[in-house]
Amino acid sequence: MRRTTSPISPRTASFALKGVAAASAVAMLSACGGATSGDVSGSDETVNIAVNGWVGYEASAAVLAHLLEEEAGVKVEQKKLDEQPSWQGLNDGDLDVIVENWGHEDLMEQYGPDGNDTVVDGGPNGNIGTLGWYVPEYLVDDKPELATWEGIKDNTDLFQTPESGDKGEFLAADPAFVTQDQGMINHFEMDLEIVHAGSEAAQITEMQERYEEEEPFLAYFYDPQWLHNELDLVHVEFPEYEDGCAEDEDDVSCGYPEYELNKIFRKDFAEEGSVAYQLLDNWKWTNEDQNAVAKMIADEGMDPEEAAEKWVTDNGDVWKEWIPADA
Amino acid sequence: MSAPTVTSETPESPETPGTEGPGGADRAETAAAPAPEPAPALRAALSRTWVQAAAVVAVLAVAAALPLPGSATAFPGGPGEALDGWLKELYSWVVSNRDTSPLFVYGFNYLSVYLGSAVVLISDLLATLTWTGVAVIGALGAWRLAGWRVMLVVAAAFAVFGLTGLWDEAMLTLALITAAVALALVVGLPLGVWAGRSDRVERALRPVLDFMQTMPAFAYLMPMLLLFGIGNPSAAVATAIYALPPAVRITSMALRGVDKGAVEAAESLGSTRWQMLAKVRLPLAKRTIMLGVNQTIMLGVSMVVIASVIGAGGLGDAIYQALQKGDIGRALEAGLAIVMLAIAMDRVTGAMGAGRPLPAPWQRIAFAGALVASLAVFLLPTPLRAPDGWPRAWQLDLAGPVNAFYEALKDAIGGFTSLVGDWTVVWVLEPLHMLLAGPPWWLVIAAAAVLGYLFAGGRAAAVGALSLLAVGLMGQWGNGMDTLSQVLLAAVLVVALGLVLGIAMARNDRLAAVLRPVLDAMQTLPPFVYLIPAVALFSVGRVPALVAAVVFALPPVIRLVNDGIRGVPANTVEAARSLGSSRGQLLSKVQLPLARSALLMAVNQAIMLILSMVVIGALVGGGALGYDVVFGLKQNEFGQGLTAGLAIVCLGLLLDRMTQGRKNNA
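Chains as they are written, first to last, in my numbering: chain A, 1 to 327; chain B, 1001 to 1666.
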C-alpha cells in the first residue's frame, strides 16, 4: 500500500550492490573500532520522517513526503512509531524530523541543547493544537451549562457507568498523550473516575458507539482530529491556562494550554541545511489544510499517498512557497 | 514455572496451528498414561480440600466487607517508590552514556548495525525478485521441502498477500521474522544442546526461560529501544527473545529422548564425544528439534503486531493503522495475511520435521535446475519480473463487506452484549475485585499461601506467598489485585467453555473436523483484530479485555480437553459401556478422571495465556498492571513499566504453582 515509503520499494537499487554496500559499511565500522548509536542510520540522501500514530500527523507527513520526493527529488522514509521513541530516534540518528510535536518539555530537556544536544526546536508548523475535555453537542443542547466545568461538576452522575462505579466516568485516551486530568478532577473537586480507554482506537470506537445512541459521555480529546468531521463535540470551558497553574500534577487549577505545534529536527540534519531541510523548515500550514488531508484518509478511506497527491494538485498556491529556490 | 514448559515439551504443542503434525499419537498416549483410577479416599480428601478452600475465601469475604481504612488494606508504598527512583536513574544514565560507554560502542550498537543490515538485506532480496519471483521460488522451495500439498498452502498465502494489497507489508514482515528466528536459533539451538547434555545447565536455564515467556513483551520493548534503537534491530531482538524458549527447551528434550541403544552402539564403536553429538544424537533428535524450530517461528509471527509499536513496519503496522481509523475490515485483511503467513510457515517446517523420504535423484536435479533458472530469470531484467508490484486490478476488497457485516452485527446484538457487559462488571468483576483488594494485604497473602498448600503443597504455598509479597514490594499491590481478579474470572470462563467444547469435539468427529481450522485461525489471528469489535459490543473497560483474553486462550484448552478425552484407552471405555454406564456416567466417572493430567494442563495453559493478554487487554480499558506496562513504554517511564511487567510475572508464578496440582509433591 505505502509503496513509496516502504523500505522494500521497487525502486530499490540492485540487491547485490546494496549488499556490498551494507557489508562494507559494517566493515568500515569495524575498522574504526566502535559504533555509536548514530552509525545505525541509513544513507545521507534519505530523509527519515517520524510518523506518530494519529491521522492528522500522518496527513502532514504524507504531504511533506510527496513534496520532498516529487519537487525536491529526495528519498523519504516514513517510520511509524510512538512519540517518545521518536525523540530517541532523532537522538540516535535514525530519524531526521518530527513534524508535529505536542509539548514534551521533558524530552527537550533530555535531548535538547541542555541535555544530549542532539535535537533542535524547528519552530511552529502552523497548526494549533487544542487539548481538553469534550462532551457531545446533543448534551449541551439539552443542558447548556455542560459546556462549562461548573456544569460538569454539578452533573457528574449523568456520566456514571458500571466501570466508574458510583462516580461519573471520565474517558481517558491513549497512554502516550499528554494529560493533566486527575489534577483537574482533584482541584475542582469533581466526582469523576478516570476510565482508561488504553488506545486511541478504543476511545474513538467508544465515543462513536455512545454518540450513535445519543448517550452521555465526557472524554479527553483534541483538535485537530478527523473525528470532529464525524461527531459534533463541544469543548468544555475551564479557567484559562497560565504559567504555573499545572505545575503540581495532583492539583491543576486550569484547563490545558493551547499548543503551538512545532517541528523537532535532528541537530546535525538542521545544521547541514540540505534542500530537504529547507523545505521542511519553510513548511507551515493551517488546521484546515491538515484536516482536509486527514479527512480524505480517515473518512474517505484513501491511502495517505493518494490523499497527499490530491491535496498537492489542488493547492499549488499554498505549497509553492515552501519549495527552496535551489530544489 | 512449568506451564510453558509443559506445552513446549509436548511434541505437538497447542500453539502449533498444524494439527496433523507427527506428534499426534504420542500426545494421546502421554495424556492418558499417568492417570490412575482415583480411589474413594482421594475423592473424599479432595472434597475436604474444597471445603477448606471455601472457608479461606469466606474469611477474605468477611474481611473485605469490614469498613477498613485504606491504610490498613493497602500495601506500604515505600519500597516501590525507592525501586522506581533507582530505575529512573538507571534510565537517565543509559540515555546520556549510549554514545560513550564501551558497553554500547563495542557491544549493543554493533549488534544493532548487523541486525538492521540483515533485515534490510533480506527485504531487498525479496524486493529485487519482485512478487512473481518470490512466488515462483517460494512455491518451488515448498514443493522440494514439503511436497505439493504444502506448496498449495504456500501459494494460497501468496495469493492472499497480493489480493489484499499487502504484498510489500507481508515481505517486510517475512524478512523481519526470518532475521529474528535466525537470531533465536543461533542462540537457542546451542543452548538447547548444552542443556540437553547437562542437568545442571538445564536446571539453571529453566527459570530464565520461564521468565522470558511470562514477562510481557511490551515491558521489555522499552529497554530494547534503549539498547538497540528504534525500528528493525529492536524489533528483531524483542521477537527473538520472545521466540527463543521453545528452541532451547525442545532441543534439550529432543537430545534427552534419543534412543539409548543407538547411543550405546555408537559408544562401543569408539566414537568421540563430538562424533557422538554430530553423527548420532543430533540426527536422531532432528525430528523433534524441527518442532522446536516450528514453535520458534510461530511465536515470532505472533510478535509482529507488538513489534510495530517500536517502528517495525509490515503487516503488524497495517493492523495498527487500520484500527486507528476504525477500519475493522482492513484490519481483518491484514490479520488474515498474518494467519496465512503463519500457517504456510508452520506447514513447511512441520513437513520438514516429519522426515519425508528424500525425493528421487531426478527430482532433486530437476529442482536444482528450476531454482537456478528462476533465480536467473528474476534477478536479470527479464519480462517475468514485475517491478511495479502486484497489479492493483487484481486486488479484492474484503474490507467493505466485512465492515458491512460488522455494522449489522453491532445493530443486531450490540444492545444485548452491552447489557451483559454491564451486568458482568457490577455483579461479578467488581465483587471479585473487592474480595482481593478489600482485605488487608497480609491477609490476602496468607490466604494465597493456605490455598496454595491445599491445592499443591508446601512449596507452592511458599512460592505463591513470596510472589504476592514481591508484587507489593514493587509498589503494584492495588493494580496487582485488580489484574488478578480479571485473570481469575477469565480463567473460569475459558475452562468452562473449553470443557464444553472440548468434550463435544471429542465425541463428534465431524465437529472436530470443522473446528480444527477454526481453532488454527483463532490462534494465529492477532488479538488486535478483535479488540476493537469487542469495544463496540461491550463498551470500553474490563469486559472487552476479558472477552479478548477468552477468545485468545480458548483454542489450546479445547484442544487439550479433546486430546485428553480421546486419549482414554478404547477398551476402558468399552468396559465401562458394557457395565451399563450412561453417556453422562461414562464422562464423569471414566473419561474425565482418566484425562485428569490433560485437564490440569489445560487449566494451567489457560491461565498462562490469559496472563499474556493482560497488557493487550489494557489497550481497550483493562487498566491495572497492563495499563502501567503500556504507559511505561509510551511515556518513557521505565520503572513503572518494568515493575508492572515483573508483577505480571509474579502473578504467573503464583497461579502456575497453584494449578500444577500435587503431582510434583506427592
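We put the beta carbon where it would ideally sit given N, CA and C, even for glycine.
- Establish whether the CB of B/Arg-1542 and some CB of chain A are separated by less than 8 angstroms. Translated into positions along the second sequence, residue 1542 of chain B becomes position 542. So, interface residue.
- Task: Rounded to whole angstroms, what's the CA-CA distance from B/Gly-1353 to B/Arg-1149? Just pull it up for me.
- Result: Sequence index remark: in the second sequence, residue 1353 of chain B carries index 353 (1-based). Sequence index remark: in the second sequence, residue 1149 of chain B carries index 149 (1-based). Near 16 angstroms, if we compare the C-alpha coordinates of B/Arg-1149 and B/Gly-1353.
- Query: Using the beta-carbon of each residue, which ones in chain B are nearer than 7 angstroms to A/Gln-110?
  - Reply: If you number the first sequence from 1, residue 110 of chain A lands on position 110. Within chain B, the residues near A/Gln-110 are Val-1095.
- Query: By the criterion of Cβ-Cβ separation under 8 angstroms, what are the contact partners of A/Val-55 in chain B?
  - Reply: As a working note, residue 55 of chain A is residue 55 in the first sequence. Chain B residues near A/Val-55: Gln-1324 and Lys-1325.
- Query: Using 8 angstroms as the limit for Cβ to Cβ distance, is A/Ser-37 near chain B?
  - Reply: On the first sequence, position 37 is the one that residue 37 of chain A refers to. Low per-residue confidence applies at A/Ser-37: pLDDT is 45, beneath 50, and the placement is therefore not dependable enough to give any value.
- So, are the CB atoms of A/Lys-167 and A/Thr-156 less than 8 angstroms apart? Taking the first sequence and counting its residues from 1, the one referred to as residue 167 of chain A is at position 167. Taking the first sequence and counting its residues from 1, the one referred to as residue 156 of chain A is at position 156. A contact, by the Cβ cut-off of 8 angstroms.
- Item | Start and end residues, alpha helix (DSSP H) containing B/Thr-1296 | Against the second sequence, residue 1296 of chain B aligns to sequence position 296. Element bounds for B/Thr-1296: 1282–1302.
- Query: Mind listing which residues of the stretch 286–307 of chain A have their C-beta closer than 8 angstroms to chain B's C-betas, in chain order?
  - Reply: Ile-297, Ala-298 and Gly-301
- Please report how far the alpha carbon of A/Ile-204 lies from the alpha carbon of A/Asp-174, in whole angstroms. What you label residue 204 of chain A is simply residue 204 of the first sequence in a count that begins at 1. What you label residue 174 of chain A is simply residue 174 of the first sequence in a count that begins at 1. Cα to Cα, the separation comes out at about 10 angstroms.
- Among residues of its own chain, excluding the 5 on either side of B/Met-1276, which ones have a beta-carbon nearer than 8 angstroms to its beta-carbon? One-based indexing of the second sequence puts residue 1276 of chain B at position 276. Closer than 8 angstroms at Cβ, skipping near neighbours: Val-1263, Ala-1266 and Glu-1267.
- Measure the C-alpha to C-alpha separation of B/Phe-1667 and B/Gly-1626 and round it to an integer number of angstroms. With chain B represented from 1001 up to 1666, any question about residue 1667 of chain B goes unanswered, as that position is not in the structure.
- Under 8 angstroms between C-beta atoms, does B/Lys-1634 make it to chain A? Stepping through the second sequence from its first residue, residue 1634 of chain B is reached at position 634. Cβ-Cβ to chain A under 8 angstroms: yes for B/Lys-1634.
- Task: Label B/Gly-1369 either buried or exposed according to how many other C-beta atoms from any shown protein chain fall within 10 Å of its C-beta, with 16 as the threshold for buried.
- Result: In the second sequence, the residue the question calls residue 1369 of chain B occupies position 369. By the Cβ-count criterion, B/Gly-1369 is exposed, with fewer than 16 other Cβ atoms from all chains shown falling within 10 Å of its own Cβ.
- Output yes if chain A places a C-beta closer than 8 angstroms to the C-beta of B/Ile-1137; else output no. Looking up residue 1137 of chain B in the second sequence gives position 137. Judged by the 8 angstroms Cβ criterion, B/Ile-1137 is not in contact with chain A.
- Task: Tell me, please, whether the stretch 1367–1385 of chain B touches the stretch 1340–1348 of chain B by the rule of three or more beta-carbon pairs shorter than 8 angstroms.
- Result: The stretch 1367–1385 of chain B is not in contact with the stretch 1340–1348 of chain B.
- Could you check what DSSP says for A/Val-234 in three-state terms: helix, strand or coil? Here residue 234 of chain A refers to the residue found at position 234 of the first sequence. Strand, per DSSP.
- Message: Under DSSP, the alpha helix (DSSP H) around A/Pro-136 begins and ends at which residues?
- Response: Position 136 of the first sequence, counting from 1, holds the residue named residue 136 of chain A. First-last for A/Pro-136: 119–136, but that is the beta strand (DSSP E), not the alpha helix (DSSP H).
- Spatial distance of B/Ala-1618 from B/Ile-1306 (CA atoms): One-based indexing of the second sequence puts residue 1618 of chain B at position 618. One-based indexing of the second sequence puts residue 1306 of chain B at position 306. Their backbone Cα atoms lie some 13 angstroms apart in a straight line.
- Which residue comes first and which comes last in the alpha helix (DSSP H) that contains A/Gln-78? If you number the first sequence from 1, residue 78 of chain A lands on position 78. Taken as a continuous stretch (DSSP letters only), A/Gln-78 belongs to no alpha helix (DSSP H), being part of the beta strand (DSSP E) at 75–80.
- Any chain B beta carbon closer than 8 angstroms to A/Gln-88: Within the first sequence, residue 88 of chain A is the residue found at index 88, counting from 1. Under the Cβ criterion of 8 angstroms, A/Gln-88 is counted among the residues facing chain B.
- Message: Please return the same chain residues whose Cβ sits closer than 6 angstroms to the Cβ of B/Lys-1410, not counting the five positions on each side in sequence.
- Response: By 1-based counting over the second sequence, the position of residue 1410 of chain B is 410. Correct list, in chain order: Ala-1536.
- For A/Asp-317, count neighbouring Cβ atoms within 10 angstroms of its own Cβ and tell me buried if that reaches 16, exposed if not. Here residue 317 of chain A is taken as the residue at index 317 of the first sequence, counted from 1. A/Asp-317 comes out exposed.
- Query: From the beta carbon of A/Trp-311, is the nearest beta carbon of chain B less than 8 angstroms away?
  - Reply: Here residue 311 of chain A refers to the residue found at position 311 when the first sequence is read from its first residue. It does not: the Cβ of A/Trp-311 has no partner Cβ on chain B nearer than 8 angstroms.
- Task: Could you check how far apart the C-beta atoms of A/Val-195 and B/Val-1547 are, in whole angstroms? I think they sit under 8 angstroms.
- Result: As a working mapping, residue 195 of chain A is identified with position 195 in the first sequence. As a working mapping, residue 1547 of chain B is identified with position 547 in the second sequence. Between B/Val-1547 and A/Val-195 the Cβ distance is about 17 angstroms, and since that is not below 8 angstroms, they are no contact.
- Message: Do A/Ala-201 and B/Gly-1311 have their beta-carbon atoms positioned less than 8 angstroms apart in this structure?
- Response: Taking the first residue of the second sequence as 1, we reach residue 1311 of chain B at position 311. Taking the first residue of the first sequence as 1, we reach residue 201 of chain A at position 201. Not a contact, by the Cβ cut-off of 8 angstroms.
- Query: Which word fits B/Gln-1363, buried or exposed, when buried means at least 16 other C-beta atoms lie within 10 angstroms of its C-beta?
  - Reply: As a working note, residue 1363 of chain B is residue 363 in the second sequence. Answer is exposed; the Cβ neighbour count stays below 16.
- Message: Below 9 angstroms on C-beta distance, what does B/Ala-1536 contact in chain A?
- Response: One-based indexing of the second sequence puts residue 1536 of chain B at position 536. Going along chain A in sequence order, the residues near B/Ala-1536 (Cβ under 9 angstroms) are Thr-205, Glu-206, Gln-208 and Glu-209.
- Three or more C-beta pairs below 8 angstroms linking the stretch 1653–1661 of chain B and the stretch 1596–1603 of chain B: yes
- Query: DSSP on B/Gly-1078, reduced to helix/strand/coil?
  - Reply: Taking the second sequence and counting its residues from 1, one reaches residue 1078 of chain B at position 78. Here B/Gly-1078 sits in helix by DSSP.
- Message: Within the continuous beta strand (DSSP E) that includes A/Tyr-222, where are the two ends?
- Response: Stepping through the first sequence from its first residue, residue 222 of chain A is reached at position 222. Start and end: 219–223.
- Query: Are the stretch 102–109 of chain A and the stretch 66–74 of chain A in contact at 8 angstroms, needing three or more beta carbon pairs?
  - Reply: no
- Under 6 angstroms Cβ to Cβ from B/Trp-1194, same chain only, skipping five residues before and after it: list those, please. Position 194 of the second sequence, counting from 1, holds the residue named residue 1194 of chain B. Val-1201.
- Item | Bridge partner(s) assigned by DSSP for A/Thr-46 | Taking the first residue of the first sequence as position 1, residue 46 of chain A is located at position 46. Under DSSP, A/Thr-46 shares a beta bridge with A/Lys-75.
- Message: Against chain B, which members of the stretch 126–138 of chain A pass a CB distance test of less than 7 angstroms?
- Response: From the stretch 126–138 of chain A, no residue has a Cβ closer than 7 angstroms to chain B.
- Task: Answer yes or no: does any C-beta atom of chain A fall closer than 8 angstroms to that of B/Ala-1647?
- Result: If you number the second sequence from 1, residue 1647 of chain B lands on position 647. The Cβ of B/Ala-1647 sits no closer than 8 angstroms to any Cβ of chain A.
- Message: For the structure I just gave you, are there three or more beta carbon pairs, one from the stretch 1643–1653 of chain B and one from the stretch 1468–1485 of chain B, closer than 8 angstroms?
- Response: yes
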